[in-house]
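Using this note's numbering, the first residue of the sequence shown is number 784, and each one after it goes up by one. In this text, a Cβ means the ideal position worked out from N, Cα and C, and glycines have one as well. Quick caveat: nothing in here was measured; it's all calculated off a predicted structure. Notes for the one structure printed next.
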Amino acid sequence: MPDKIAYKVLTADQMITLEHERVFQGAPVDLQDGYIHLSTAEQLDETITKHFAGQSDLWLVAVDLDAQVEAVRWEPSRGGALFPHLYGALSLDTVLAYSELNYEPDGSLRLPVTG
């Protein structure tokens with residue numbers, strides 16, 4: 784069964800857009816590809832390392848996949864792994880939680896508390 788929560792890494796400016804406009808149309812790579820790139824909890828470390836290395840002031844957004852099941856497709860990406868892709872805008876109404884991207888003392892990623 785696919786995950787019910789996926790995550791989107793946003794810059795501080797993108798997070799402000801989501802909060803103020805209540806919708807996020809996508810980062811430049813999302814707009815270019817035609818969908819919003821999401822990751823499962825297990826895929827996040829590699830996503831952050833590959834696409835956000837050296838960047839600071841990042842935010843992690845937990846997205847309720849059940850709230851937009853018709854717009855999410857699980858498609859192969861890195862190494863053939865299935866990634867959730869959101870075909871459409873990310874609405875704040877489908878966001879379960881968000882927090883600044885931080886790590887625990889043991890080096891593991893701290894996920895936003897969703898419930």
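Quick one: measure Cβ to Cβ for residue i and residue j, integer angstroms, because I've assumed they're closer than 8 Å.
| i | j | result |
| --- | --- | --- |
| T897 | L879 | 4 Å |
Excluding five sequence neighbours on each side, which residues of the same chain lie with their C-beta closer than 7 Å to the C-beta of residue i?
| i | result |
| --- | --- |
| T800 | F807 |
| L884 | V792, L841, W842, L843 |
| E887 | R893 |
| G809 | I819 |
Using the Cα positions of residue i and residue j, report the straight-line distance between them to the nearest angstrom.
| i | j | result |
| --- | --- | --- |
| H803 | Q797 | 10 Å |
| L793 | L843 | 6 Å |
| L821 | E829 | 12 Å |
| D849 | K787 | 6 Å |
| G837 | I831 | 10 Å |
| Y881 | A845 | 6 Å |
Thinking just about the alpha-carbon of each residue, which of the options is nearest to the one in residue i?
| i | options | result |
| --- | --- | --- |
| A854 | G809, Y818, L894 | Y818 |
| Y870 | L814, Y790, R805 | L814 |
| W857 | T823, A795, P811, P895 | T823 |
Given that a residue counts as buried once 16 or more other Cβ atoms are within 10 Å of its Cβ, and exposed if not, what is residue i?
| i | result |
| --- | --- |
| A789 | buried |
Quick one: what's got a C-beta closer than 8 Å to residue i's C-beta in the same chain, skipping five residues either side?
| i | result |
| --- | --- |
| P859 | L865, F866 |
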